[in-house]
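Trainee:
Protein chains: 2
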Amino acid sequence: MMILGVDGGGTSCRAALATAQSQIIGRAKAGSANIRTDLNGACESIMVAVGQAFAAAGQDPAHIPDTPVVLGLAGANIGTYAAELRARLPFRRCLIESDVLIALEGAIGAGDGAIGILGTGSHYLARQSGEIRRLGGWGFLLGDQGSGARIGRDLLEEALLAHDGIAPHTSLLDAVLAAHGNDPQAIVEFTKSAQPRDFGTFAPMVFDYLERGDPAADKIVERAVSAVEASLDALALANATPRCLLGGLATLVGPRLPPKHRERLVPPLQDALGGAVSMAARLFGLERSLSDGKQGLMQP
Amino acid sequence: MMILGVDGGGTSCRAALATAQSQIIGRAKAGSANIRTDLNGACESIMVAVGQAFAAAGQDPAHIPDTPVVLGLAGANIGTYAAELRARLPFRRCLIESDVLIALEGAIGAGDGAIGILGTGSHYLARQSGEIRRLGGWGFLLGDQGSGARIGRDLLEEALLAHDGIAPHTSLLDAVLAAHGNDPQAIVEFTKSAQPRDFGTFAPMVFDYLERGDPAADKIVERAVSAVEASLDALALANATPRCLLGGLATLVGPRLPPKHRERLVPPLQDALGGAVSMAARLFGLERSLSDGKQGLMQP
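One line per chain: the protein sequences are V and W, in this order.
Following the numbering used here, the numbering of the first sequence begins with 215 at its first residue and continues without gaps.
Following the numbering used here, the numbering of the second sequence begins with 215 at its first residue and continues without gaps.
(1) With a cut-off of 8 Å on the beta carbons, I'd call W/T281 and W/I238 a contact; round off their distance for me.
(2) Comparing alpha-carbon positions, which option in V/E371, V/I316, V/D358 lies nearest V/D485?
(3) Look up V/S407 in the DSSP assignment and say whether it is helix, strand or coil.
(4) Can you tell me where the beta strand (DSSP E) with V/Q359 in it begins and where it stops?
(5) Between W/A297 and W/I310, what straight-line distance do the alpha-carbon atoms span, to the nearest angstrom?
(6) What are the uninterrupted segments assigned as beta strand (DSSP E) that are 3 or more residues long and contained completely in the region 307 to 339 of chain V, given in chain order?
(7) Count the other CB atoms, across all protein chains shown, that sit within 10 Å of the CB of V/H277; report buried if there are 16 or more and exposed otherwise.
(8) Would you mind working out which of W/L424, W/A256, W/F268, W/R470 sits nearest W/G286, comparing C-alpha positions?
(9) Does W/K508 come within less than 8 Å of chain V when only Cβ atoms are used?
(10) Under 8 Å by Cβ, that's how I've got V/A464 and V/L332 pegged, so tell me the actual separation to the nearest angstrom.
(11) Strictly under 8 Å for the Cβ-Cβ distance: is V/E371 near chain W by that measure?
(12) Out of V/I249, V/R306, V/A444, V/H394, state which residue places its alpha-carbon closest to the alpha-carbon of V/C227.
(13) From this set, V/V314, V/A244, V/L231, which residue's C-alpha is nearest V/A267's C-alpha?
(14) Under a CB-based cut-off of 8 Å, is V/S397 close to chain W?
(15) Mapping the DSSP letters down to three states, classify W/L504 as helix, strand or coil.
(16) Per the contact definition of three or more C-beta pairs closer than 8 Å, is the region 430 to 450 of chain W in contact with the region 486 to 497 of chain W?
(17) What alpha helix (DSSP H) runs, 4 residues minimum, are completely inside the region 243 to 306 of chain W?
(18) On the three-state DSSP scale, how would you describe W/V220?
(19) Are W/V314 and W/R348 close, meaning C-beta to C-beta below 8 Å?
(20) Which first and last residues belong to the alpha helix (DSSP H) in which W/G344 is found?
(21) What are the boundary residues of the alpha helix (DSSP H) that includes W/R437?
(22) Let's test the definition: count the other Cβ atoms within 10 Å of the Cβ of W/S422 and tell me whether it reaches 16, buried, or not, exposed.
(23) Taking V/V480 as the reference, give the member of V/E258, V/T455, V/L466, V/A490 with the closest Cα.
(24) When DSSP builds the beta bridges, which residues end up paired with V/L231?
(25) Among W/V262, W/L339, W/H394, which residue has its Cα nearest to the Cα of W/E403?
(26) Establish whether the CB of W/G353 and some CB of chain V are separated by less than 8 Å.
(27) Counting contacts by CB-CB distance shorter than 8 Å, is V/S503 in contact with chain W?
(28) Could you tell me how far apart the beta carbons of W/L460 and W/A321 are, in whole angstroms, since I believe they sit closer than 8 Å?
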């Protein structure tokens, strides 16, 4: 018996075919699988990736409908997107979860634990005694206080305050102003078309200046780190529960957290695709020993 | 001799015809005059308003080209918009200034003073010893920390933090969450199409709950008031220089400023249109006594 794991989002869709013991025997990658904006395209990307994973493993694609699959897809926790997708897919045993949940499974395994994904956005997921709690991820305009986009936004705000003589000038802020011709209007114009990831491109610069002792960088990073701390606090984790930071800012923020969280940080066991495979193995590979309640999850 | 004042922006364009002693004898209002996005439309709105002001005063429109005018127009301080507009207008003596400068002239007259315009956005203008200093007005995403839009944004951020268990719940935040069906995603969706003025519609609610002692309202207003204080500080006004707050938040923020600014607050002498008229009287009505240097301002 084989199992499938799929990890899909707005950028790409990856699939892995594995043995029932989670040993991956074929991998593939296809285009974006955004179930919120393009359900047909997402369906196609998923099936392309799955077909290529079968081919990479030298397996007969006739077995695809019979292969149990866990799909982790961005947006799967919102509205009816997951149900609509499931109706179009050929799999007889199929579980569709959010991409964040398979990232959690990949990072900390099947037990209790929490992840903080600190990338362009920032969000958190915890599992304790089988109960899932999610927070953050509302976008940098109103949230994502521990994200690269928010750090970039904070930097531009601070630069404008320095320009106006309201905040003190620092090397970092002067560099940002100089990069925009010392014209505040140029900064404002940038933001009119900038996407969150464009704001996020400033984050490495902030951490770079932090190393050199820049006070504005210190203020901005301190605010982001405090926000990550507050979010982890709000998950109300048991003291011993492992927590894992993922995303581009993970290694920058982690060492700056207070000991209560820093000392509980663990490296991820595997990535989100590995998490989907492990979850499939856990749910479908051992299905004979599962209770009826758990089988309800599978939505055949 | 008569003089003209015009106050134009994205919403409407007002004109006033006055005697050389600034006594208004005819008023009119026309459509928007946004010189940044629609120069032809702005030109038309200005001439409609001016023509109707002449008609309201019972004056012959043949005198329009000979009547000196000060136009205060949003965006006139940016780029070449003002120069392009001037080339299309029929006036022989015409000064085009930003709408903020005529608001300053209206509020505090021709002498030293400062205004803080606290509306959907927030910006500041000071004149000291004839020198103009402007700050703020960069938009609520990166600035406008004393504005209605920023207060609305801050409120929504705080509501999401309360939903996630990161900030304490208060009556205000619960009311905001309830108004969105206790669904954070509904708040995020709102922001995708919301304009700054839509964010600003939350400001009265924040001040309403402040009166009832709501801690979240207190935090949000305290932050806005501190920002206004910091901006006034940055203008580096002489101790005795009068300062005047304008816009929808003026009467809400003013009493909460520290004494150094609160005790120097003055009510506006007149509105921006009156400021344009006064400036026209000052520059053109008395032109025989003006120095050559000042005449250079008139750009005939």
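Ideal Cβ placement from N, Cα and C applies to all residues, glycine included.
Mentor: Quick look at the numbers:
(1) Taking the second sequence and counting its residues from 1, one reaches residue 281 of chain W at position 67. Taking the second sequence and counting its residues from 1, one reaches residue 238 of chain W at position 24. Between W/I238 and W/T281 the Cβ distance is about 13 Å, and since that is not below 8 Å, they are no contact.
(2) The sequence position of residue 485 of chain V within the first sequence is 271, counting from 1. For the residues V/E371, V/I316, V/D358, the minimum Cα distance to V/D485 belongs to V/I316.
(3) The residue labelled residue 407 of chain V in the question sits at position 193 within the first sequence. Helix, per DSSP.
(4) Taking the first residue of the first sequence as position 1, residue 359 of chain V is located at position 145. It is not in any beta strand (DSSP E) - V/Q359 carries neither H nor E in the DSSP assignment.
(5) The sequence position of residue 297 of chain W within the second sequence is 83, counting from 1. The sequence position of residue 310 of chain W within the second sequence is 96, counting from 1. Taking the straight line from one Cα to the other gives about 8 Å.
(6) 308 to 312, 327 to 332
(7) Within the first sequence, numbered from 1, the residue matching residue 277 of chain V stands at position 63. Per the 10 Å Cβ criterion, exposed.
(8) Within the second sequence, the letter at position 72 stands for residue 286 of chain W. Here the closest residue by C-alpha is W/A256.
(9) Taking the second sequence and counting its residues from 1, the one referred to as residue 508 of chain W is at position 294. Note that W/K508 scores 43 on pLDDT, short of 50, meaning its location in the model is unreliable and no value can be drawn from it.
(10) Residue mapping note: residue 464 of chain V aligns to position 250 of the first sequence, counting from 1. Residue mapping note: residue 332 of chain V aligns to position 118 of the first sequence, counting from 1. About 6 Å; that satisfies the 8 Å criterion.
(11) Numbered from 1 along the first sequence, position 157 holds the residue referred to as residue 371 of chain V. So, interface residue.
(12) Counting from one through the first sequence, the residue named residue 227 of chain V turns up at place 13. For V/C227, the nearest C-alpha among the options comes from V/I249.
(13) Here residue 267 of chain V refers to the residue found at position 53 when the first sequence is read from its first residue. Checked all of V/V314, V/A244, V/L231; the closest Cα to V/A267 is V/L231.
(14) Numbered from its first residue, the first sequence carries residue 397 of chain V at position 183. What sits at residue 397 of chain V in the sequence shown is Asp, not Ser. No, because no Cβ of chain W sits closer than 8 Å to the Cβ of V/D397.
(15) On the second sequence, position 290 is the one that residue 504 of chain W refers to. Note that W/L504 has pLDDT 43, beneath the 50 cutoff, so the model's placement of it is unreliable and no number is given.
(16) no
(17) 253 to 270, 295 to 302
(18) Position 6 of the second sequence, counted from the start, is the residue given in the question as residue 220 of chain W. W/V220 falls in the strand class under three-state DSSP.
(19) Translated into the one-based positions of the second sequence, residue 314 of chain W becomes position 100. Translated into the one-based positions of the second sequence, residue 348 of chain W becomes position 134. Yes. Within cutoff.
(20) Reading the second sequence from its first residue, position 130 is the one you call residue 344 of chain W. Looking at the DSSP string, W/G344 is not in any alpha helix (DSSP H), and its letter there is neither H nor E.
(21) The residue you call residue 437 of chain W lines up with position 223 of the second sequence. Here the alpha helix (DSSP H) through W/R437 covers 429 to 448.
(22) Counting from 1 along the second sequence, the entry for residue 422 of chain W is found at position 208. The identity of residue 422 of chain W in the sequence shown is Asp, whereas the question assumes Ser. Under this definition W/D422 is an exposed residue.
(23) Within the first sequence, residue 480 of chain V is the residue found at index 266, counting from 1. Of V/E258, V/T455, V/L466, V/A490, the residue nearest in Cα terms is V/T455.
(24) Along the first sequence, read from residue 1 onward, the residue named residue 231 of chain V stands at position 17. DSSP output for V/L231 lists V/L218, V/G240 as bridge partner(s).
(25) Within the second sequence, residue 403 of chain W is the residue found at index 189, counting from 1. For the residues W/V262, W/L339, W/H394, the minimum Cα distance to W/E403 belongs to W/H394.
(26) Start at 1 with the first residue of the second sequence, and residue 353 of chain W comes out as number 139. Yes, contact with chain V.
(27) Along the first sequence, one-based indexing puts residue 503 of chain V at 289. Note that V/S503 has pLDDT 42, beneath the 50 cutoff, so the model's placement of it is unreliable and the number below is only indicative. Taking Cβ atoms only, chain W never reaches closer than 8 Å to V/S503, which makes this a no.
(28) Walking along the second sequence from the start, residue 460 of chain W turns up at place 246. Walking along the second sequence from the start, residue 321 of chain W turns up at place 107. About 6 Å separates the two Cβ atoms, so the contact holds.
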